[in-house]
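These notes concern the structure reproduced below.
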Amino acid sequence: MVGDYAAVVPTLTGTAWITGFAEYVVDPDDPFPNGFTVGDIWSSQED
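See below:
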C-alpha cells in the first residue's frame, strides 16, 4: 500500500562501477554558450 492505494513498490539491488569521467567546457567565442532550440516544424495549423 502507498497511502490509501494498492501499489507495487519495486526494490533495486546490485553493483555499479565508475566507467569514466568527462569534462565539458564552453569556448569563450561560442555564439550559443547555452545551446539553442530548433523551432517547431509541426506546429498546429488549420488547412
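The numbering of the sequence shown is my numbering, which starts it at 342 and goes up by one. The beta carbon of each residue, even a glycine, is placed where N, CA and C say it ideally should be.
DSSP on Val366, reduced to helix/strand/coil?
coil
Starting from the C-beta of Glu364, find all residues in its chain whose C-beta is less than 7 Å away, skip the five residues before and the five after it, and write them out in chain order.
none
Checking the sheet assignment: what are the DSSP bridge partners for Val379?
According to DSSP, Val379 bridges with nothing at all.
Can you name the residues that DSSP bridges to Val343?
Tyr346
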